[in-house]
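Here is the structure we will look at.
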Amino acid sequence: MSESISVAGDFLSLLAARHIPPVRSEVSTDAPVQTQATTVFAFQFADGVLMAGDRRATAGNLIVSDRIDKVIEIDTCSLLAIAGVPATAFEMARVLQTSFEYYRRSQLQPLSLPAKVRALARLLRDNLPMTLQGVGVVMPLFAGLDQAVSPPKAQIYFYDPLGAQFQAVGYAASGSGALTIRSVLSFQERYGEPRPSEMGLAQAVPFALRLLMTASEFDSATGGVNPETRNFATIKVLRTSGVETLSAEQQAQFLQS
Amino acid sequence: MTEEPYRWLEAIENRREYVREQLKGGSPAFAVRLPEGILLLGVGTGSSKVFELFDRHALVALGHPADIEKIRQAAIDAAHVEAFTRASEDVSLRRLVSFGLGPQLKTNFEQIFSAPFLVELLLAEVAAQPENDLLVRLHFDGAFQFLSSLALVVAAQAATESGAQTWLNQSLAGKSARAEVVDLLLQAWWCLTENKSFVENLPAEEERRRGWRAAVNGKTVEIGWLARRSPRPARFEFLTLTQAGL
Numbered sequence: 060m061s062e063s064i065s066v067a068g069d070f071l072s073l074l075a076a077r078h079i080p081p082v083r084s085e086v087s088t089d090a091p092v093q094t095q096a097t098t099v100f101a102f103q104f105a106d107g108v109l110m111a112g113d114r115r116a117t118a119g120n121l122i123v124s125d126r127i128d129k130v131i132e133i134d135t136c137s138l139l140a141i142a143g144v145p146a147t148a149f150e151m152a153r154v155l156q157t158s159f160e161y162y163r164r165s166q167l168q169p170l171s172l173p174a175k176v177r178a179l180a181r182l183l184r185d186n187l188p189m190t191l192q193g194v195g196v197v198m199p200l201f202a203g204l205d206q207a208v209s210p211p212k213a214q215i216y217f218y219d220p221l222g223a224q225f226q227a228v229g230y231a232a233s234g235s236g237a238l239t240i241r242s243v244l245s246f247q248e249r250y251g252e253p254r255p256s257e258m259g260l261a262q263a264v265p266f267a268l269r270l271l272m273t274a275s276e277f278d279s280a281t282g283g284v285n286p287e288t289r290n291f292a293t294i295k296v297l298r299t300s301g302v303e304t305l306s307a308e309q310q311a312q313f314l315q316s
Numbered sequence: 003m004t005e006e007p008y009r010w011l012e013a014i015e016n017r018r019e020y021v022r023e024q025l026k027g028g029s030p031a032f033a034v035r036l037p038e039g040i041l042l043l044g045v046g047t048g049s050s051k052v053f054e055l056f057d058r059h060a061l062v063a064l065g066h067p068a069d070i071e072k073i074r075q076a077a078i079d080a081a082h083v084e085a086f087t088r089a090s091e092d093v094s095l096r097r098l099v100s101f102g103l104g105p106q107l108k109t110n111f112e113q114i115f116s117a118p119f120l121v122e123l124l125l126a127e128v129a130a131q132p133e134n135d136l137l138v139r140l141h142f143d144g145a146f147q148f149l150s151s152l153a154l155v156v157a158a159q160a161a162t163e164s165g166a167q168t169w170l171n172q173s174l175a176g177k178s179a180r181a182e183v184v185d186l187l188l189q190a191w192w193c194l195t196e197n198k199s200f201v202e203n204l205p206a207e208e209e210r211r212r213g214w215r216a217a218v219n220g221k222t223v224e225i226g227w228l229a230r231r232s233p234r235p236a237r238f239e240f241l242t243l244t245q246a247g248l
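Respectively, the protein sequence lines represent chains P and S.
Residue 60 is where the first sequence starts when you use our numbering, and the numbers rise one by one after that.
Residue 3 is where the second sequence starts when you use our numbering, and the numbers rise one by one after that.
What follows is the structure, encoded as structure tokens:
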């Protein structure tokens, strides 16, 4: 019935068999000023992993939007946070979403966490021509539920632009505001009370919002959080029970309490 | 050479008889449209009968497991490529069956030197509004019907399938509780597998209920649920008999 594919359940092989490129990566010397998305981070808290991002996209010194979502639910137990060029990053997210669901439905079992982590690395490697040229650079964060351990545990991974993958012990950040975020997270993890990994949701959410506020003080490309204008962050939480998205209203309540 | 067309017709008829003979004894399967979603049910012995195809789409089938797998895989491939190249909302059962599965099954059936698919299928698409739900009956020869009835049955023989369908549509009218619906479907399943007539001498309700409870021992009752409303794109989930309220 279907055309033969080289790897069972591999959506990229299916696309290749039908001559559909998953992510276009033609090299051009006349690349326009790119839209960039910053800043995203993830940290372990008491219930799992909290992943957050500001909502600003910039192009050079222009603010393109203050309403984009950089933390994307890939499936019921994986999250992706994108920093870099949204045109490429959103397409990568769509490839991953379709690939993971395709595998689960066609093979009647979910993809393992290592395979999911490598799938993103493979997309980054395929994007190498764009990366080397300086256009289309994507430096994502990935969080997934490791079902191979008992009890299942949410894990955080970060990547370099060439596709090398690294598992984060407690936290990871990417984008132009990442240095500030990492510094604060490092301080809090070492000297803070409570440490991020000990925080409940009620503490972790205001902490995440304040991290973005701090990063925006030092980085103009980080949108920050402004409760007065109802401009909050994108925050998603990955627990063993699945993914939860925290709305602006919930974030406001956590920040006030 | 002049007798070739007659040979072809005979070969086709032989294939039809062969497929029907092979499908005899296949365990019937069902789909029912409910206010909160679409329920699919099959009773299997070792191999699955109910499958998720895409976000709002599912399949129940009877037949040879390897053939069901091929068709399931073709449907999943087509749906995911469509969703990727266009959007998830563009994946429609009408197009999937009319332009994909139906013609492919017909072509395969008419290629008399290759093995025919030994399958009978029922596909479902849940919509935002119950009146827009779609149930499709797809046959081994590629013929298909889009139906708007409450319940749909896939069974090995057309006459008993039609009888069960009529009885179920009457019995299910006004019922929306999943437990009641599953109980009635399993009663119909037991009557079909025991060759009980739905027109005359239908066993009493208690006997039907005792019958299915005894008959499913050692078998797997697969219940698929396509939820009409969900915060997630994928609406399909499997339910156990307990989750269904039995």
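Idealized CB from N, CA, C, for every residue including glycine.
Taking only the alpha-carbon atoms, compute the straight-line gap between Ala280 (chain P) and Gly65 (chain S) and give it to the nearest angstrom.
If I take the Cα positions, the gap works out to 59 Å.
Can you name, in chain order, every residue of its own chain whose Cβ lies under 6 Å from the Cβ of Ile64 (chain P), other than the five neighbours on each side?
For Ile64 (chain P), the predicted structure reports a pLDDT of 49, less than 50, and the residue's modelled location is therefore unreliable. A value from the coordinates is still provided. Apart from sequence neighbours up to five positions away, the residues of its chain that approach Ile64 (chain P) with a beta-carbon distance below 6 Å are Ser72, Leu73 and Ala76, ordered along the chain.
How many angstroms separate the CA atom of Thr304 (chain P) from the CA atom of Lys295 (chain P)?
Distance between the alpha carbons of Thr304 (chain P) and Lys295 (chain P): 4 Å.
By Cβ distance below 6 Å, which residues in the same chain neighbour Phe32 (chain S) in space, the five residues on each side in sequence not counted?
Cβ within range, chain order: Leu43, Val155 and Leu187.
Distance, Glu84 (chain S) Cα to Ala157 (chain S) Cα:
Roughly 30 Å separates the two Cα atoms.
is_contact[Phe86 (chain S), chain P] using C-beta, thresh 7 Å:
At least one chain P Cβ lies under 7 Å of Phe86 (chain S).
Closer than 7 Å at the beta carbon, the chain S residues around Arg181 (chain P):
What Arg181 (chain P) touches in chain S: nothing, since even the nearest Cβ is about 16 Å away.
Let me see if you follow: with CB-CB separation under 7 Å, is Arg241 (chain P) close to chain S or not?
No, Arg241 (chain P) lies away from the interface with chain S (no Cβ there is under 7 Å from its Cβ).
Using the Cβ count rule (16 or more neighbours within 10 Å means buried), how would you classify Leu167 (chain P)?
Flag for Leu167 (chain P) reads exposed.
So, helix, strand or coil for Glu133 (chain S), using DSSP?
DSSP places Glu133 (chain S) in helix when its eight states are reduced to three.
Cα-Cα separation between Ala130 (chain S) and Val218 (chain S), rounded to whole angstroms
So the two alpha carbons sit approximately 34 Å from each other.
Roughly how many angstroms separate the alpha carbons of Asp125 (chain P) and Leu187 (chain P), rounded to a whole number?
Looking at the two C-alpha atoms, the distance is approximately 28 Å.
Note down, one range per segment and in chain order, each beta strand (DSSP E) of at least 3 residues found wholly within the segment 119-182 of chain P.
If we require 3 residues or more, the beta strand (DSSP E) runs fully inside the segment 119-182 of chain P come out as 121-124, 130-134 and 137-140.
If you check the beta carbons only, do Arg230 (chain S) and Glu38 (chain S) fall under 7 Å apart?
Their beta carbons are under 7 Å apart, which means Arg230 (chain S) touches Glu38 (chain S) by this criterion.
Which word fits Thr190 (chain P), buried or exposed, when buried means at least 16 other C-beta atoms lie within 10 angstroms of its C-beta?
With a 10 Å radius around the Cβ and a threshold of 16 neighbouring Cβ atoms, Thr190 (chain P) comes out buried.
According to DSSP, Lys108 (chain S) sits in a beta bridge with which residue or residues?
Paired residue(s): none; Lys108 (chain S) is not in a bridge.
Nearest to Ala160 (chain S) by CA position, among S:Ala206, S:Lys26, S:Pro7 and S:Ile70, is which residue?
The shortest Cα separation from Ala160 (chain S) among S:Ala206, S:Lys26, S:Pro7 and S:Ile70 belongs to S:Lys26.
Span of the alpha helix (DSSP H) holding Arg18 (chain S)?
Segment Glu6 to Leu25, the alpha helix (DSSP H) holding Arg18 (chain S).
Which chain S residues sit within Cβ distance under 8 Å of Leu73 (chain P)?
Residues of chain S passing the Cβ test: Asp79, His82 and Val83.
Taking the straight line between their C-alpha atoms, what separation do you get for Met272 (chain P) and Glu248 (chain P)?
Cα to Cα, the separation comes out at about 19 Å.
Against chain P, does Glu54 (chain S) count as a neighbour if the rule is that its beta carbon must be under 7 Å from one of theirs?
Judged by the 7 Å Cβ criterion, Glu54 (chain S) is in contact with chain P.
Rounded to a whole number of angstroms, what is the C-alpha to C-alpha distance between Ser275 (chain P) and Phe225 (chain P)?
Ser275 (chain P) and Phe225 (chain P): Cα-Cα distance of roughly 26 Å.
Could you spell out where the alpha helix (DSSP H) holding Met189 (chain P) opens and where it closes?
Its alpha helix (DSSP H) spans residues Leu187 to Gln192.
Neighbourhood of Pro118 (chain S) by C-beta distance below 6 Å, restricted to the same chain and skipping five residues each side
Counting only Cβ-Cβ distances below 6 Å, and skipping sequence neighbours, we find Arg17, Val21 and Phe111.
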